[in-house]
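Novice: Chains as they are written, first to last, in this note's numbering: chain A, 9 to 673; chain B, 10 to 277; chain C, -7 to 553. Glycine is no exception: its CB is placed at the ideal position from the N, C-alpha and C atoms.
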Amino acid sequence: MILRDDRFSEKVSPYLRPNFPYVCGRAAAWGKPCHNGPTADGSCGGTSECHPYNEGGRWICRRPPSAGGPCSEGPLPDGSCCKTLTACQPRRTVRKVRGRVSVMVAAVVIAAIAAFGFDFGNQEQVASSLDAGPLSSIHQNFTSEQGCNACHAAHGSGALGWLEAAMTKSGPSDNCTNCHQFKNPVNGPHNSALISASHPGSTSCTMCHTEHKGADANIVKMDDAQCNSCHKAKFASFATNHKEFSETYPFGQRTAIAFNHSSHFGKHFKDARYSKNAPANGCVGCHNVALAERNVPVRGFDDTCAGCHQDTVAGREFVMFTFPEFEENPIDIEDIIESPGGTLAAAAKATQDLQGEVEKLAETTGSASSKAIVEEIKTILADLGDRVGSEEADEEFEPISSETLSPVSAELLGVNGEEVGEYAEATKTLVEGVLENGVTALAELVDEAGGNPDSLLRGLSNSTVVPAFTAWAANKEYEAAGETIEKGWYANELSLVYRATAHGDPVMKAWLDYAAQNGSESLNEAFLSRTDGAGACTKCHAVSSTETDKNADKNKKVALKVEWKSHPADGSPLVKYSHKPHVNLLGPGSWCTSCHKINEKAEFSAAFNQLDPHKFSSNFSSVKKGTCVECHGGGQVSQTCTTCHEYHQEPGFKKTMMRQVAGKK
Amino acid sequence: MTKNISILSIFGVIALIVVGYNAQKMDLNLQNSSVLTGYTLIAVMLCVALLNTRKKLSMIPLGKASSWVVFHVVGGLLCVGLFWVHTNTFWPRGLYEGFLAGAFYLVSLSGIFGYLIQRLNSRKLTETGIEVIYERIPLELREIQEKAEEYIRECTEATGSDVLANHYLNTMVWYFQKPRFYWSTLFGAGNAKVWFRSEGASVKRYLSSEELDYFQHLEELVELKMLVDTHFVHQNLNKKWLLLHVPLSVGLVIMALWHLLLVEVYAL
Amino acid sequence: MAEQQIQTQPQSAEHTMARPQRWAQPFDSNMTDQDVDRLLSESQLKDIDGEKFPKHIPLGGILKNDTRIAKFTPGEIVVREGDYGNSAFLVLSGRLRVVLSPSLPRDSIGRSEENTRSLFGAFSQLWTSNWLPETRDTSKYSLDELMVGGSNESARVVLQDIPTILDKHNTGAIETGALFGELAALGRIPRTATIFADEDAELLEIRWQGLRELRAYNSEWKRMIDERYRETALAAHLLESEEFGHLDDDQIKDVADRCIFETYGSFDWYTSFQRLRSQGKSDEPVIARQGDYPDGLLMVRAGFARQTVKHGNGIKTINYLGAGNNFGLHPLYNAWKNPDASEDLALGSGLSALGYVDVVRVPASVLAEYVFPNIEPPVNTIEAASQKTVAEDALLEWAVDERFINGRQTMVIDLNSCVRCDDCVRACANGHDGNPRFRRHGKIVDNWMVANACMHCADPVCMIGCPTGAIHRSMSGGMVVINDDTCIGCGTCANSCPYENISLVQIADKQGMPVVDEATHRPIMKATKCDLCSDQLGGPACVRACPHDALKRVDFREFAH
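#1: For L37 of chain C, which three-state DSSP category applies?
#2: Only counting the same chain, and skipping five residues up and downstream in sequence, which positions put a Cβ closer than 6 Å to that of S95 of chain C?
#3: Is it the case that the Cβ atoms of C216 of chain A and Q234 of chain A are separated by a distance below 9 Å?
#4: The alpha helix (DSSP H) spanning G260 of chain B covers which residue range?
#5: Under the rule that 16 or more other beta-carbon atoms within 10 Å means buried, what is G342 of chain C, buried or exposed?
#6: Which same chain residues, not among the five before or five after E149 of chain B, have their C-beta less than 6 Å away from its C-beta?
#7: Give a yes or no on whether 9 Å exceeds the smallest Cβ distance from I146 of chain A to chain B.
#8: I'd like to check one pair, T664 of chain A with C291 of chain A: are the Cβ atoms closer than 9 Å?
#9: Spell out whether any CB of chain C is found under 9 Å from the CB atom of F246 of chain A.
#10: What are the residues of the segment 279 to 302 of chain C that lie near chain B, defined by any Cβ-Cβ distance shorter than 9 Å?
#11: Hey, R128 of chain C and I480 of chain C are a contact pair by Cβ (cut 8 Å); roughly how many whole angstroms apart?
#12: Please list the terminal residues of the continuous beta strand (DSSP E) segment that includes F329 of chain A.
#13: Determine the contact status of H229 of chain C and R293 of chain C, defining contact as a CB-CB distance below 9 Å.
#14: Just to confirm before moving on: does the CB-CB distance between N444 of chain C and G434 of chain C stay below 9 Å?
#15: Check G141 of chain C in the structure and name its three-state DSSP category.
#16: Using a Cβ cut-off of 9 Å (strictly closer), state whether M9 of chain C contacts chain A.
#17: Residues in the segment 401 to 424 of chain C with C-beta within 8 Å of chain A's C-beta atoms, listed in sequence order?
#18: Compile a chain-ordered list of the residues in the segment 526 to 551 of chain C whose CB is closer than 7 Å to at least one CB of chain B.
#19: Let me know the alpha helix (DSSP H) ranges lying completely inside the segment 42 to 72 of chain C, each 4 residues or longer, listed in chain order.
#20: Within its chain, find whatever has a CB closer than 6 Å to the CB of M471 of chain C; leave out the 5 residues flanking it on each side and keep chain order.
#21: Please indicate yes or no: does the CB of S131 of chain C lie closer than 8 Å to some heavy atom of the ligand SAH?
#22: Using the three-state DSSP reduction, which class does W497 of chain A fall into: helix, strand or coil?
#23: Could you list which residues in chain A have their beta carbon closer than 8 Å to that of G434 of chain C, in chain order?
#24: Look up Q668 of chain A in the DSSP assignment and say whether it is helix, strand or coil.
#25: At what residues does the alpha helix (DSSP H) containing F190 of chain A begin and finish?
#26: With distances taken from CA atoms, which of B:N175, B:S76 and B:T49 is nearest N13 of chain B?
#27: Spatial neighbours of S629 of chain A within its chain, please: C-beta separation below 7 Å, excluding the five flanking residues on both sides.
#28: State the start and end residues of the unbroken alpha helix (DSSP H) segment that holds E452 of chain A.
#29: If you compare alpha carbons, which of A:C184, A:T185 and A:H160 is closest to A173 of chain A?
#30: With a CB to CB cut of under 7 Å and the five nearest residues on each side skipped, what residues in its chain are close to K187 of chain B?
#31: L86 of chain B and L173 of chain B - do their beta-carbons sit closer together than 9 Å?
#32: Along chain A, in chain order, which residues have C-beta atoms closer than 9 Å to that of V141 of chain B?
#33: Going along chain A in order, which residues have a C-beta closer than 9 Å to the C-beta of T512 of chain C?
#34: Any beta carbon from chain A within less than 9 Å of G111 of chain B's own beta carbon?
#35: Please state the DSSP three-state secondary structure of F661 of chain A.
#36: Quick test of your reading: M10 of chain B and H161 of chain C, contact by CB under 8 Å. State the CB separation rounded to the nearest angstrom.
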C-alpha cells in the first residue's frame, strides 16, 4: 500500500477497525490478507473475493478498489465470484489475547490462593497463601502445635468467622497473655497502675512487637523516638537531654552491712596487723565480679570478713533464762516427788532399775569398773533420797540466786524481770512446768509469746533443761555434770544460755528477728544494742525500721528488721544497669573506682545509729551523669533509652509455660 | 506531557512525604502505620489500574486520556515509594508476600520499561520517514514481495536471463516472506543491511547492465522493507509489553486484595 | 435462464431496499403540485423560462423538491446571525426586518443548540455499540418525518418586545419580492444578520441545491443573485473591517458604491486542484503581481490567497490571507504620504488565489479620503515575513500547497509522541456505533502527520455537489456533518473532498447482512466522515483518548504559523 500513490484514497484504504477482536488468519501467517476480513465471531469473512451484482441481466464484478477493483475475469455465469480462496482461521488481536491472558492470570491467581489457602486435607502443607512470613524462632517453638490459632482466633473459623473478624478488631494482641504475663495492668503504659491512672490510653502488644519478620528478627526493638512520643521530656540523646541523676545515685538507702569502706581501706587494711588479711585484689576481693549484674554481690562472710572478724562472731551468747531471786521458796519439792508422774521420782525409779541391772552385771562379770558404776549409782540414789526425803519447809528460806529474771524470759512471760513481786508467780509456774514437761513448757511459752519455738529453741533438749531446773527448783546452783561444751544451748549455775556456734547461726538470727519484730525495748536492748553478746550482731547488720518515716505512727511500736543479707540498691523498676560489661570493659579490681570513689568525709557509721535506712550517707560519692557520658556520649557507644530503661514491669511467663518447657524436654 | 509528569511528580513526592511522615508519626505513637500506608497504596494502585477502564469508556467525558496517563505514570512511581514505606523492606519474609512483592516489582518494572520504550520507539518510527499501520504490515510486506516478483518477471521477460530470477528464488525470497532480523532491527544493528550486502547483492557481478537496473529496483524494495520491518518490530514491542504489564496487574490487584482481606481478618 | 440465475443469488444473506435517488427526500414532503402551480404564478417566478431547464431537473421538480413554503408570524425569527444555513428565502408576501447593528443578544434569538447525548446515553454506547461494521437501522430510511439537511423548522423563536428592538437597533426592511440568505447558502458562510418577520409573512425557502439550479438555468436569477451577492457582501464586509468600521451609513454606501468586487478562481476549485495536483502543476489565478503598482487595497472577503515573494528561482510563500485580511496597504500609504518618493511604491509581494477567493478592491482615492488621515503608518509585514528562513517557512509552504490552510479542525498527530496505539481510532469507533470515522494515516511533514479525518474546512467544498444536502453545516459550531438519513451514497462529496477525508461505506442491517439495492443487488453506500463527535459529550473523542497528547485538532491557519 505504501507503494501506491493513491494510498490515502478512501477507495483504496477503507476504515481500519482496531476495535475489532480478530485479524485475518492469512495475514497472521504473513500471507496476503483477503479484504473480506474476519467476522465478529472469529470465523472467516468469506471465501469469494466479491459478491457480483446483477444489472440488466449481466453479472458484474464488484470487487472493491482496495482489493484491486473489478477483476478482469469477471463473475462466473451463475453469478458467483470467479476468485475463491480457502477459508482462513482468523487470529485474535494482541488486545484480545491480552484480555484473555488477563482473565487466565486472574483465574490462576484465585485458584492458587484457594488451593494453598484452604486446608483441604489435613496433611502438612508445603506452602500456604496465608503464610505471612516465618515467626521468630522462640514463638515458632511454642506455637507449632497449635498453629495459627495460637494467636489468630479467626484462623479456620469459616467464611462467617472471617467476615466477623474482618469487621471487628481481631488482632492477635489478646492472645499474647496466654503465655506472657506482666504486672497489671497488662494493657496500660509500662504495666504501671500509677501511669495508667494519669495516662489512660490503652496499649496493645502489637504496637511494638510485630511478628512474621523472620526467625532471627528482633521483635522487641524500641526506638528513642517511640519513648519520646509519650514522654513530655523529649530526648535527642542521653548526653544532651537526660537530667542529672539523683544526688545519691546509685544509692537509695544505706547498705545492709555496715561495712565502712572508708575506714577499712583508709585505716584497717593499712594496719600492719591486719594487712595480710586485707583483700588481695581490692574491690573484687569481696565483690564477686563473676556474678556482676545490676549489683556486684559481696562474697559470703567466710570469704571476706571472716579473715579478721571470725573470732569475734563465734562465742556470742545470750541468756535465755536466769533463775531469779525469790523471797520464799517457790516450789514444794514434795509435791513434785510424790506426784505420780514426778520427774524426780521417775528419775529415782529409773536409777534404781539401772542399779539392779548393773549389780547383776557386776556379779556375773566381776569387773572393777562395773562395781565402780554401782557405787556411783548408789551415791546418786542416796543423794536423791536425801533430797526427796529432806524436810526444809519450816526452815528460814535462803534463796540461792540474787539475780533478776533475764530480759528474754521476762519478755516471754510478760512480766517485769526486775520486780520479784511481779515475776515470782510466773517464774514459779514456768519452773514447775519445765519440771513437769521439760522443754515443751518452754516451747509453749515461746509459742504463746508469738515466737516460733522450732527455730528459737532449736537444739534445746530435756537433758540440758531438766537437770538445771531441778537443781534450781531445789534452790541449788546447777553444776553441769562433766565437761561443758559451751556451744549451742547449755545451762550453767543459774542461767540457761545460748552460745552462737558460728557466723550466721540460725538460732541467734531467729532470736534477733524475733526481737526485731516483737521486742520490747528491753529485749531490743538485749539483742539489737550493737554492744555485747547477741546484740553485737547488729554492729554490722543494720537494724532498720520496716516502715518509712512518713507512714510511721509515732505512738505505735515500729516493727524492725535485721538486714542479714547485702541487698541490691532498690532503684526504679524501669531502670536497668549491668556491671558486668562495664567491669569487663574497664578491667577488674581497682577499676571500680573509675565510677565509685570513696568519700572519706561521709559520716557512714552515724547512719546506722538510727532505724531509717533511707537516712544515710554513702561511703561513696554518688555517680554523676557525666561519668556515664564519658563513654555514652559519643557516636559509637549506645545511648538510647532502652540501654538503661526497661519498658515492661515484671515481665514473666504464665506457670503453664513452665510445664510446656518441661514437656518439651 | 513530560512537563506534566514533572509537575505531577512534585505532588507525588509531596504525597509520598506526607504519607511517609504520617506513617512515621504513627509509628512513634505506637500506632499501626501499615494500615495508613497499606490502604493508601491499594487506593493509588486501584486508581492507577483504572486507566484501562478509562480507555474503554472513551465516550464519556472523563478528562483527557493523557492526563490519566500522566497520573498513571506518577501514581505508578508513587506506588513503588509507598510500597517501600509500607513494607519497610525490599523483599518481605512471607512466602505469599514474596509472591506479592514479586508481582508488584514485575508490574512496576514492566511499566517503567513500557514507558521508556514507547518514548524511544515513537522517534525511531518517525525517523523511518514512512508510516505503516500495524494491522496492515502483512499486506504491505505481501505487496512489496509481489512488486519484487513483478520486477523479476519483467526482468526475465525483457532480458531472457534467469540469473536474477534464480537468485531471487534461492536467496531473496526468504527475506521478503516476513519480517526478518527482528532483534537486530529492534536494537538498531544493521544485520539486514549486512545480509543484503553480502548475500543479497552477491549476484550483482553476474548481471548485465539491463538486469542491474532491475536489481536497482529490487534494492529499493529491500530498503523499503527494512523500514517496514522497523515499524513492525517497534510497534510490535509497543503492543506486546502490555501483554506482560496488564495481566500481571490484574493478578497483582487480586493478590493485593487477598492480602488486604487476610490482614483485616488476622491482624486488624 | 437469467431469471433462474437471479434466484440462485443468496437472497437471505442480503437486505434489500430501494436505491435512494435525488429528490427521494424532498425538502418538504408536504409540497403539493397545487403549491407548485401557485408558485409558478407568483410574480417573482412566473417569468422563469421552464424550457431552459434540463429534462431530468424540471423547474417544477425543483420547486416541489428543493423548496418549501414557510409562514411566519410577527416577531418570529427567520434566520439568526451566526447560524450556518443552506437555504435562501424569497419573500412571497409580507414584510421582514433585518437587524443591522448592533447585533441582537444571543439569548434573545434563541441560538439553537446541537442535540448532544445525555450522560447515560453516552455511557450506553458501551453495550449498544456493535461489532458488526457499518450497521444501520434501515427502517428509518423510509420514514417521512425525516430531519433533512437545512434549516430546522422546529426551532423557531419569537422575538419579544419588538418596539424596543426597533428602538435600540438599526434595522432595515425586507419587502415582498426580495431574495435573501443566498449569501450564506452559496458561500457556505454563517448568516451575517438576524432577520425576523415584521408582519405575517409567507416565504419560499429554497435549499441551495435548488438555488444552484435556478442560478444555472435562468439568467435573470443569475444576475439577481450575483448582484445581490455582491451588494450585501460588500456592505457587511466593509462594516466588519477595521478600516471602515467607523464610517456611518452614508459614507459606507459611498465607499461601497466606489468599491470594485472581484472573484478569483472557480466556485468548485477543488476539481481543478485535484486535476492539477495529479499532473504536478499549479494553477493559481494571480490577484496582484509583485512589482506592480497598486491602485487599491485588496480585502479578502472569502477563500484563501497566497502572499508570495520571489526567491531565487521560485516563489516563496510568506503568508496566506483569509477572510478579513487585506493586501497592499503599506505601499498605498507610502504613496499617499510621500507622493514624490520613488521607492516602496510598488508591491513588495504578490497575491494569488488558492481556490475560490472573493476580493474587494478599495480604490486609493477612497482610502485617501476616508482611511489614511485616520490611521498610523501601517507595518510593513513583508519585511518581517521575509526575515524567516526557508526552513522556517517549510511547514507553511507545505500547508498551503496541500491546501490544509482550509482546515479549522484538522487532525494532526505528533509522530514523535504517538505510540501508534490506535486508542484514537477505538475512541472514535466507540462514539460511532463501533465504526471509526477517520483513518490514521495521511501526509507527513517533519514529525507531523495530517491524518485522514475531516478538517471541517472554512470552505467546505464537499458540500458543493451534494444532491440532497445531506452534507451540511451544523446549525451551530459550523461542523460539517452528513445526515445519514438523506445521504444517497452517490460519492460526490467523497470525490470533491481534496483531502480524501470522506469514505463511502457499504451498509449492513442490524444483523450484519449487507443492504443492497432491491433491483440490482448492488450494495447501498453511505458517505461517512468525522463529525467532530457533535452528538457526544466532551468534544472530539480522539483528542481526549490520546494517551500521549500527540493528537490535536487544529486550525491550520494558526498551526502553520
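Specialist: Quick look at the numbers:
#1: coil
#2: E73
#3: yes
#4: S218 to Y275
#5: buried
#6: V141 and V237
#7: no
#8: no
#9: no
#10: none
#11: At roughly 13 Å, the Cβ-Cβ gap does not stay under 8 Å, so R128 of chain C and I480 of chain C are not in contact.
#12: E325 to T330
#13: yes
#14: yes
#15: In this predicted model, G141 of chain C has a pLDDT of only 33, less than 50, meaning its place in the structure is not dependable; the value taken from the coordinates is given anyway. Here G141 of chain C sits in coil by DSSP.
#16: no
#17: D414, V417, R418, A421 and N422
#18: Q528, L529, G530, A533, R536, A537, C538, P539, H540 and D541
#19: 51 to 58
#20: H448, L524 and S526
#21: As far as ligands go, the structure on display features none, and thus does not contain the ligand SAH.
#22: strand
#23: F16
#24: helix
#25: Note, F190 of chain A: premise wrong, no alpha helix (DSSP H); not H, not E.
#26: B:S76
#27: K605 and N607
#28: V447 to E456
#29: A:H160
#30: L150
#31: no
#32: M9 and I10
#33: Y61, N62, E63, G64 and I68
#34: no
#35: strand
#36: No, M10 of chain B and H161 of chain C are not in contact; Cβ-Cβ is about 49 Å, not under 8 Å.
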